[in-house]
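A.B. asks:
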Amino acid sequence: MRSYDELEGFIDYTDENEWKRYIETYVIPLWKCSWILKEFWTELKSEFDNVPFNDVNEEDVSLILGGVTQRRDEMYTRNSLAKFYAKFFGLRLKDIQSWILQAQMGEMLTEINVEVVETEFIKFVKEVFNLLDYGLLYQQLVTDLKEPELNYRELKNDPNKVKELIKDFYQGILNISLNHNYGTFFLCSINQITYRYMKAAYPRIDECLDFLINEFGLMELEWNNPIKPDSEVFKEYTIYCFPEYNPNNKGKSFGGAICKLNDTIWEWFTPNRYYPYNTNEFRETLSMLFGEVPNLKKEYREGIKELLPVVYFDNIHYERNLMANARKVSVGGGFIERCDKLLIDIIDKNSPHLFFNMLRISKVTENYIDFSSEW
């Protein structure tokens with residue numbers, strides 16, 4: 046395979062200062078942005094949730110009713126401020142249809158309360174923050190972190206500032222994703238991959254392997270390797286991963302947090318997922334500010350599929366020898382056959398898919414390895 050050392054513009058993965066810049070440029074700004082957004086939502090909830098609408102301050106009414114029509118077929122005008130707050134932050138009347146009816150009749154028929162619910166957007170913001178927050182705790186390159194600050198009143202009184210904050214958050218998500226960031230790509234690519242394949246892709250990996258282990262949490266994946274430990278081949282088929290992806294020895298790390306972040310971004314930006322969150326609703330909300338929202342995982346998959354074999358093995362059964370029985374499948378998921386092959390040949394066959402994050406080692410037992418497909 047081609048060495049990534051030859052790729053113009055690729056991150057110098059051996060340089061600690063390069064990784065410090067990665068954290069300062071991509072991780073910390075997104076961490077701050079997500080904190081401010083989640084705290085802004087918390088303050089909105091504290092101020093408005095379950096409050097009678099008649100008790101809302103006059104200057105805040107536009108957040109709830111700005112651009113709300115009295116028509117039942119079209120509740121919001123274009124660029125409605127109330128729609129923006131309802132979709133992004135869940136701030137709305139509990140029963141807006143009753144308010145419309147009362148407005149049409151010109152008299153108050155029942156008391157209507159305000160509510161602030163957790164939207165899909167806020168769920169995503171919280172996930173991003175939680176991953177980055179613990180990730181930053183598990184690294185020592187940048188330790189002088191300053192707590193973000195929220196000027197709640199200033200933000201609430203200026204919708205354009207809120208929108209700019211969301212735009213910064215959205216751009217930060219795109220910028221740190223595996224699709225657009227060589228640093229993220231590198232960390233994701235060395236997760237659940239053999240030393241042999243890692244060395245082929247990154248010839249200078251030995252210069253920074255200790256750093257990746259000590260600083261970012263890279264570790265050996267626990268599996269029952271039948272190759273003699275004192276052989277050179279054993280070293281080549283040592284599988285490295287971050288603890289979040291070590292099926293039998295879970296833990297936390299900076300590198301794993303970044304990989305989990307990319308997984309999270311890909312999941313949320315993929316349409317037609319309804320559990321445990323509604324990605325269509327999330328994407329529809331983003332489209333209010335950004336138009337067409339990309340399917341990042343699909344875009345990435347389309348870009349790398351020509352680089353990968355059309356078949357892989359989705360499970361391996363082996364005893365304490367070098368032969369294994371494996372289930373061969375196509376990229377489309379179709380079963381082809383069960384076959385007996387050398388264990389190292391099977392691992393080599395799956396390595397490109399693992400490197401490009403289209404396969405994951407999901408289960409490891411004494412004589413069994415299971416792979417889950419990301420195709």
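Numbering follows this note's numbering, in which position 23 of the sequence shown is assigned residue number 68; successive positions increment by one, without gaps. Backbone N, C-alpha and C fix where the C-beta goes; we use that ideal spot for every residue, glycine too.
Given a cut-off of 8 angstroms, decide if L75 and I221 are closer than it, judged by their beta-carbon atoms.
C.D. replies: What you label residue 221 is simply residue 176 of the sequence shown in a count that begins at 1. What you label residue 75 is simply residue 30 of the sequence shown in a count that begins at 1. For I221 and L75, yes; Cβs fall inside 8 angstroms.
A.B. asks: Can we say the stretch 295-302 touches the stretch 252-270, given the rule of at least three CB pairs closer than 8 angstroms?
C.D. replies: Yes, they touch.
A.B. asks: Can you look up H225 in the DSSP assignment and give me helix, strand or coil?
C.D. replies: Here the question's residue 225 lines up with position 180 in the sequence shown. Looking at H225 - three-state DSSP - the assignment turns out to be coil, as it is neither helix nor strand.
A.B. asks: Are the beta-carbon atoms belonging to W311 and L353 less than 8 angstroms from one another?
C.D. replies: Sequence index remark: in the sequence shown, residue 311 carries index 266 (1-based). Sequence index remark: in the sequence shown, residue 353 carries index 308 (1-based). Taking 8 angstroms as the Cβ cut-off, W311 and L353 do not qualify as a contacting pair.
A.B. asks: The alpha helix (DSSP H) spanning M243 covers which residue range?
C.D. replies: What you label residue 243 is simply residue 198 of the sequence shown in a count that begins at 1. Where M243 is concerned, the enclosing alpha helix (DSSP H) stretches over Y240 to A246.
A.B. asks: Starting from the Cα of T324, find the closest Cα among T164, D57 and K373 and give me that residue.
C.D. replies: For the purposes of this step, residue 324 is identified with residue 279 of the sequence shown, where counting begins at 1. Closest option to T324, Cα to Cα, is T164.
A.B. asks: Kindly indicate which three-state DSSP category L263 falls into: helix, strand or coil?
C.D. replies: Residue numbering aside, residue 263 sits at position 218 when the sequence shown is read from its first letter. The answer is coil: DSSP assigns L263 none of H, G, I, E or B.
A.B. asks: Starting from M46 and walking both ways along the alpha helix (DSSP H), at which residues does that stretch end?
C.D. replies: Counting from one through the sequence shown, the residue named residue 46 turns up at place 1. Run containing M46: none; DSSP gives neither H nor E here.
A.B. asks: Straight-line CA distance for Y240 to V113?
C.D. replies: Residue mapping note: residue 240 aligns to position 195 of the sequence shown, counting from 1. Residue mapping note: residue 113 aligns to position 68 of the sequence shown, counting from 1. Going from the Cα of Y240 to the Cα of V113 covers about 59 angstroms.
A.B. asks: Report all residues from its chain with a CB closer than 7 angstroms to the CB of E252; omit the five preceding and five following residues, and keep chain order.
C.D. replies: As a position in the sequence shown, residue 252 is number 207, starting the count at 1. So the list reads T59, once near-sequence residues are dropped.
A.B. asks: Alpha carbon to alpha carbon, how far is N158 from L331? Give it in angstroms, no decimals.
C.D. replies: The sequence position of residue 331 within the sequence shown is 286, counting from 1. The sequence position of residue 158 within the sequence shown is 113, counting from 1. L331 and N158: Cα-Cα distance of roughly 27 angstroms.
A.B. asks: Using DSSP with H/G/I as helix, E/B as strand and the rest coil, what is C233?
C.D. replies: Walking along the sequence shown from the start, residue 233 turns up at place 188. Reduced to three states, the DSSP call for C233 is helix.
A.B. asks: Under three-state DSSP, which class holds K373?
C.D. replies: Position 328 of the sequence shown holds residue 373. Looking at K373 - three-state DSSP - the assignment turns out to be strand.
A.B. asks: I'd like the list of long-range same chain contacts for K273, defined as Cβ closer than 7 angstroms, with 5 residues on each side in sequence excluded.
C.D. replies: Against the sequence shown, residue 273 aligns to sequence position 228. Within the same chain, K273 has close Cβ partners F279.
A.B. asks: Can you give the Cα-Cα distance for D255 and C233, rounded to whole angstroms?
C.D. replies: Residue numbering aside, residue 255 sits at position 210 when the sequence shown is read from its first letter. Residue numbering aside, residue 233 sits at position 188 when the sequence shown is read from its first letter. Whole-angstrom Cα-Cα distance: 17 angstroms.
A.B. asks: Three or more C-beta pairs under 8 angstroms: does that hold for the stretch 275-293 against the stretch 403-415?
C.D. replies: Yes, since at least three Cβ pairs between the stretch 275-293 and the stretch 403-415 fall closer than 8 angstroms, the two stretches touch.
A.B. asks: Helix, strand or coil for Y179 per DSSP?
C.D. replies: Stepping through the sequence shown from its first residue, residue 179 is reached at position 134. Correct three-state label for Y179: helix.
A.B. asks: Considering just the uninterrupted stretch of the beta strand (DSSP E) at E382, what are its terminal residues?
C.D. replies: Here residue 382 refers to the residue found at position 337 of the sequence shown. From DSSP, the beta strand (DSSP E) with E382 extends over F380 to L387.
A.B. asks: On a CA-only basis, which of V338, L306 and S298 is nearest P316? Give me that one, please.
C.D. replies: Taking the first residue of the sequence shown as 1, we reach residue 316 at position 271. Ranking the options by Cα distance to P316, first place goes to V338.
A.B. asks: Considering only residues of the same chain and omitting the five flanking positions on each side of N421, which have a CB-CB separation below 7 angstroms?
C.D. replies: Only positions 46 to 420 of the chain appear in the structure, and residue 421 is not among them; the question remains open.
A.B. asks: How is the alpha helix (DSSP H) around C78 delimited, first residue to last?
C.D. replies: Working through the sequence shown from its first residue, we reach residue 78 at position 33. Where C78 is concerned, the enclosing alpha helix (DSSP H) stretches over I73 to F93.
A.B. asks: Identify which residue in Y363, V173 and L334 has its Cα closest to the Cα of N269.
C.D. replies: If you number the sequence shown from 1, residue 269 lands on position 224. When each option's Cα is compared against that of N269, the closest is Y363.
A.B. asks: Would you kindly report the start and end of the unbroken alpha helix (DSSP H) that includes C304?
C.D. replies: As a working note, residue 304 is residue 259 in the sequence shown. Per DSSP, C304 belongs to the alpha helix (DSSP H) from F299 to F314.
A.B. asks: Quick check on the burial criterion: 16 or more other C-beta atoms within 10 angstroms. Buried or exposed for Q142?
C.D. replies: Stepping through the sequence shown from its first residue, residue 142 is reached at position 97. It is exposed - the Cβ of Q142 has fewer than 16 other Cβ atoms within 10 Å.
A.B. asks: Could you spell out where the alpha helix (DSSP H) holding T330 opens and where it closes?
C.D. replies: Here residue 330 refers to the residue found at position 285 of the sequence shown. Counting along the chain, the alpha helix (DSSP H) containing T330 begins and ends at T324 to F335.
A.B. asks: Alpha carbon to alpha carbon, what distance is there between L138 and I145?
C.D. replies: Locating residue 145 in the sequence shown gives position 100, where the first residue counts as 1. Locating residue 138 in the sequence shown gives position 93, where the first residue counts as 1. Cα to Cα, the separation comes out at about 11 angstroms.
A.B. asks: Is the CB-CB distance between R365 and P271 below 8 angstroms?
C.D. replies: Along the sequence shown, read from residue 1 onward, the residue named residue 365 stands at position 320. Along the sequence shown, read from residue 1 onward, the residue named residue 271 stands at position 226. Yes, these two residues count as a Cβ contact at 8 angstroms.
A.B. asks: What are the boundary residues of the beta strand (DSSP E) that K65 is part of?
C.D. replies: For the purposes of this step, residue 65 is taken as residue 20 along the sequence shown, with counting starting at 1. It is not in any beta strand (DSSP E) - K65 instead sits in the alpha helix (DSSP H) that spans E61 to Y67.
A.B. asks: Along the chain, where does the alpha helix (DSSP H) containing E277 start, and where does it finish?
C.D. replies: Translated into positions along the sequence shown, residue 277 becomes position 232. Residues E277 to E281.
A.B. asks: Could you tell me whether the stretch 191-204 touches the stretch 81-101, using the rule of 3 or more Cβ pairs below 8 angstroms?
C.D. replies: The stretch 191-204 is in contact with the stretch 81-101.
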